[in-house]
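>
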Amino acid sequence: MPVILDYRNTIQNFIHESGRSVWAKDLVAAAVTNNGCLTDNQILLICEDIENGVTSPSIALPGNIGSAIPRIELKTLKHVANVNRLVPNQTIHFCHDGITVLFGANGSGKSGYFRILNKLASGSINYSVMQDIFNENPQPMSIEVTYAENGTDHTDAWDLISPLSTPLGHISVFDTNYAKGLTNEHDSNIYLFDSMGLNIYRGIADGVRRLKELGYDVSSDETDVNNLCTANYSDKLVRALEIQFREELKGFEMDYLNVSLQLSDITNPLSKIKLTIKNNHELDVVLSEAEQKCCALALFIAECELLDVKQPVIFDDPVNSLDACVIGMFANRIVQMSSPIILFTHNTQLLAEIKYADNVDLYKDSSSTRRAGKRGVLIYEVLRNCPEEVGYIVNYHECKCKHYLAIAKDVLDNHSSPLTPVYQKQLADNLRMATEWVVDEVFFRNLIPNRFRGRFDNIKWTKLEEMVGQNSADVQAVHTIYQKLSSVGSHVGAAHVQAPLRKDQYQGFYNTLKALVDNAGI
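So the sequence shown is residues 425 to 946, counted in the numbering used here.
1. Could you check the C-alpha separation between Ile-667 and Gly-797 for me, to the nearest Å?
2. Return the CA-CA distance between Ser-763 and Thr-524, expressed in angstroms with no decimal places.
3. For a quick check, are the C-beta atoms of Pro-587 and Glu-573 less than 9 Å apart?
4. Between which two residues does the beta strand (DSSP E) holding Asn-809 run?
5. Cutting at 7 Å between CB atoms, please list the residues of its own chain near Thr-479, excluding the five before and the five after it.
6. Alpha carbon to alpha carbon, how far is Tyr-571 from Pro-481?
7. Taking only the alpha-carbon atoms, compute the straight-line gap between Asn-809 and Asn-608 and give it to the nearest angstrom.
8. CA-CA distance, Val-683 and Ala-664?
9. Taking just the CA atoms, how far does His-517 sit from Ala-581?
10. Report the three-state DSSP secondary structure of Phe-598 (helix, strand or coil).
11. Would you mind working out which of Thr-463, Thr-500, Phe-558 sits nearest Asn-508, comparing C-alpha positions?
12. By the three-class DSSP mapping on this structure, what secondary structure does Gln-735 have?
13. For a test of the three-state rule: what should DSSP assign to Ser-566, helix, strand or coil?
14. Assuming His-503 contacts Ile-567 under a Cβ cut-off of 8 Å, what Cβ separation, rounded to an integer in Å, is found between them?
15. Quick one: any contact between the stretch 483 to 490 and the stretch 446 to 460, if contact means 3 or more CB pairs under 8 Å?
16. How about Leu-673 and Leu-681: are their beta carbons less than 9 Å apart?
17. Consider the Cβ of Val-866: report whether some Cβ of chain B lies at a distance smaller than 9 Å.
18. Once you ignore the five residues that flank Tyr-930 on each side, which residues in its own chain have a CB closer than 6 Å to its CB?
19. Report yes if the C-beta distance between Phe-598 and Pro-742 is below 9 Å; otherwise report no.
20. Under the assumption that Met-753 contacts Gly-675 (Cβ atoms under 8 Å), give the Cβ distance between them as a whole number of angstroms.
21. Helix, strand or coil: which one does DSSP assign to Glu-813?
22. Quick check: Val-553 and Gly-528, are their CB atoms within less than 9 Å of each other?
23. Count the CB pairs spanning the stretch 728 to 738 and the stretch 697 to 714 that are closer than 8 Å, and state whether there are at least three.
24. What does the Cβ neighbour count give for Arg-799, buried or exposed, with the cut at 16 atoms within 10 Å?
25. With a threshold of 16 other CB atoms inside 10 Å of the CB of Gly-945, please say whether the residue is buried or exposed.
26. Out of Thr-500, Val-835, Asp-583, state which residue places its alpha-carbon closest to the alpha-carbon of Asn-854.
27. Are the stretch 856 to 863 and the stretch 813 to 831 in contact at 8 Å, needing three or more beta carbon pairs?
28. What are the boundary residues of the alpha helix (DSSP H) that Val-759 is part of?
29. Does the Cβ of Gly-443 have 16 or more other Cβ atoms within 10 Å, making it buried, or fewer, making it exposed?
30. Using alpha carbons as the reference points, say which of Asp-583, Thr-886, Tyr-787 lies closest to His-821.
31. Can you check whether the CB of Asp-732 is closer than 9 Å to the CB of Ile-493?
32. My output table needs one value for His-827: the three-state DSSP class, helix, strand or coil.
33. Spatial neighbours of Asn-874 within its chain, please: CB distance less than 7 Å, with the 5 preceding and 5 following residues excluded, ordered by chain position.
34. For Leu-541, tell me which candidate among Leu-767, Glu-677, Gly-605, Gln-900 has the shortest Cα-Cα distance.
35. Which residues bound the alpha helix (DSSP H) around Asp-659?
36. Taking the alpha carbon of Val-846 as the point to measure from, which residue in Asp-473, Ile-778, Ala-781, Pro-924 has its own alpha carbon closest?
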């Protein structure tokens, strides 16, 4: 469990302690009033208190101590048009109190959405987000994001170029490159420390320094004020982070690693965090890639869990290089986290571990209501149908074969014969994707962990007929369709069609596949 630190009570107890000097009370109250930024007038007033020997404070302690970081809730992200190769008008609805998973194969378009969110979050790593490079005349990029700030909804349209002033910078982001930054010496997490009131304590420490530079005697309570900022709070927060980091590392069964967390005085705005191993070695010299990843995840999660206000957390492909056992531990950990989570992954084990966790409630859609004691999980599949079209956002519970058949039907219904090469290509690509999903969704009913797909002849059709037994005729029909589509569209296949396919042939393929899906009751 996270170590709880209440900086508000710490400040109140200090001011109300009997025998406290007036200048010390005024200094602390002034720092609270301006959230750590003492004005010249406040310093002047404290100086006058000392000169005049006043016995009552001149600055009142505000009732609301600290300027809390706003609570951010991501609601929707809509790709309107022209970002990377993402298809237009795709919307992600986020699970506001649980986990949103975007699952898809490599090249499906997941990274495009991750880069948009990273840019919205003002991530410290500036991943480029480009216009559609396949368009000879690129058009302006456009997205819409809906979020709530302390319960108030906002919707912003953005071209990903002009400045966007939002509080979304409080969102935390993790991927392989962020992990490398965490295992190296790096700046302390400003959101963690400011959310725990460190900006106030920095202001108090700065006030003592300014009073001494002006020649005023602050010896009466200087030790106690310094202790308030360091031993009484700053050191406690350092220890809290160390304890939480070690707890997270233990959760990955990596507590055998002799890793130390070094953190300088966190009342110093330039404080650094550094992970080292025995004899002060750098982690990347001693630890394996997986061990380094676990150390980075442990520190990242520790900082997120210590936040005074829980913010959305984004993970992109967090388990690459981890073995099956650790993947299970990570899945269990994020299910238990108190922050809303957005997870990008192509790892089928990670998806399964989250889906079948004991306290998970799988949402059918974003309007689902969370059950007591359950962690809501909303899963999307990110799909593609050819190199130029990626990023289809489809609810994981929906039939993917139906998705591709619907696109094909739209072409068949709205374009007459003879079909132009462009529409032939669209039909071939979408119908071929439909055949691959028929294998999963009709023949195997999604019971296998990896798609039994057909690129580079991975589908062993004869073996497949044996496996499905009495439905072997259906397999043969799908195999025939797949062969006839293999040299059409974007596919590079083994079969060769000498003449372009006619519209009625595409219609026949569609009818066969649609009937298989309907008969399966999907």
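Backbone N, C-alpha and C define an ideal beta-carbon position, used for all residues, glycine too.
So, from the data block:
1. As a first step, residue 667 must be located in the sequence shown, where it is residue number 243. As a first step, residue 797 must be located in the sequence shown, where it is residue number 373. If I take the Cα positions, the gap works out to 27 Å.
2. As a working note, residue 763 is residue 339 in the sequence shown. As a working note, residue 524 is residue 100 in the sequence shown. So the alpha carbons of these two residues sit roughly 12 Å apart.
3. The residue you call residue 587 lines up with position 163 of the sequence shown. The residue you call residue 573 lines up with position 149 of the sequence shown. It is not a contact, given that the beta carbons lie outside the stated cut-off.
4. Mapped onto the sequence shown, residue 809 falls at position 385. From DSSP, the beta strand (DSSP E) with Asn-809 extends over 799 to 810.
5. If you number the sequence shown from 1, residue 479 lands on position 55. These residues qualify, in order along the chain: Val-446.
6. As a working note, residue 571 is residue 147 in the sequence shown. As a working note, residue 481 is residue 57 in the sequence shown. Whole-angstrom Cα-Cα distance: 42 Å.
7. The count along the sequence shown starts at 1 and reaches residue 809 at position 385. The count along the sequence shown starts at 1 and reaches residue 608 at position 184. Whole-angstrom Cα-Cα distance: 40 Å.
8. Here residue 683 corresponds to residue number 259 of the sequence shown, with the count starting at 1. Here residue 664 corresponds to residue number 240 of the sequence shown, with the count starting at 1. So the two alpha carbons sit approximately 16 Å from each other.
9. Mapped onto the sequence shown, residue 581 falls at position 157. Mapped onto the sequence shown, residue 517 falls at position 93. Cα-Cα distance, rounded: 16 Å.
10. As a position in the sequence shown, residue 598 is number 174, starting the count at 1. DSSP places Phe-598 in strand when its eight states are reduced to three.
11. As a position in the sequence shown, residue 508 is number 84, starting the count at 1. Selected option, being the one with the closest Cα: Phe-558.
12. For the purposes of this step, residue 735 is taken as residue 311 along the sequence shown, with counting starting at 1. Correct three-state label for Gln-735: coil.
13. Here residue 566 is taken as the residue at index 142 of the sequence shown, counted from 1. It is a strand residue.
14. To locate residue 503, count along the sequence shown from 1; it is residue 79. To locate residue 567, count along the sequence shown from 1; it is residue 143. His-503 to Ile-567, Cβ: 6 Å. Contact.
15. yes
16. Looking up residue 673 in the sequence shown gives position 249. Looking up residue 681 in the sequence shown gives position 257. It is a contact, given that the beta carbons lie within the stated cut-off.
17. No chain B appears in this structure, which consists of one protein chain only.
18. Locating residue 930 in the sequence shown gives position 506, where the first residue counts as 1. The residues are Leu-851.
19. Start at 1 with the first residue of the sequence shown, and residue 598 comes out as number 174. Start at 1 with the first residue of the sequence shown, and residue 742 comes out as number 318. Yes, the Cβ-Cβ distance between Phe-598 and Pro-742 is below 9 Å.
20. Here residue 753 is taken as the residue at index 329 of the sequence shown, counted from 1. Here residue 675 is taken as the residue at index 251 of the sequence shown, counted from 1. With a Cβ gap of about 6 Å, Met-753 and Gly-675 count as contacting.
21. Along the sequence shown, read from residue 1 onward, the residue named residue 813 stands at position 389. Note: Glu-813 maps to strand in three-state DSSP.
22. Counting from 1 along the sequence shown, the entry for residue 553 is found at position 129. Counting from 1 along the sequence shown, the entry for residue 528 is found at position 104. No; because the gap between Cβ atoms is not below 9 Å, this pair is not in contact.
23. no
24. By one-based count along the sequence shown, residue 799 stands at place 375. Under this definition Arg-799 is a buried residue.
25. The residue you call residue 945 lines up with position 521 of the sequence shown. By the neighbour-count rule (16 or more Cβ atoms within 10 Å), Gly-945 is not buried but exposed.
26. By one-based count along the sequence shown, residue 854 stands at place 430. For the residues Thr-500, Val-835, Asp-583, the minimum Cα distance to Asn-854 belongs to Val-835.
27. yes
28. The sequence position of residue 759 within the sequence shown is 335, counting from 1. Val-759 -> alpha helix (DSSP H) spans 748 to 760.
29. Locating residue 443 in the sequence shown gives position 19, counting from the first residue. Exposed: under 16 other Cβ atoms inside 10 Å.
30. As a first step, residue 821 must be located in the sequence shown, where it is residue number 397. Of the listed residues, the one whose Cα sits closest to His-821 is Tyr-787.
31. As a first step, residue 493 must be located in the sequence shown, where it is residue number 69. As a first step, residue 732 must be located in the sequence shown, where it is residue number 308. Yes, the pair counts as a contact, with Cβ atoms nearer than the cut-off.
32. What you label residue 827 is simply residue 403 of the sequence shown in a count that begins at 1. Helix at His-827.
33. The count along the sequence shown starts at 1 and reaches residue 874 at position 450. Here Asn-874 scores only 49 on pLDDT, less than 50, and its place in the model is too uncertain to base an answer on.
34. Residue 541 sits at position 117 when you count from the first residue of the sequence shown. Cα-wise, what sits closest to Leu-541 is Leu-767.
35. Position 235 of the sequence shown, counting from 1, holds the residue named residue 659. Unbroken alpha helix (DSSP H) run through Asp-659: 658 to 675.
36. Along the sequence shown, one-based indexing puts residue 846 at 422. Per the Cα distances, Pro-924.
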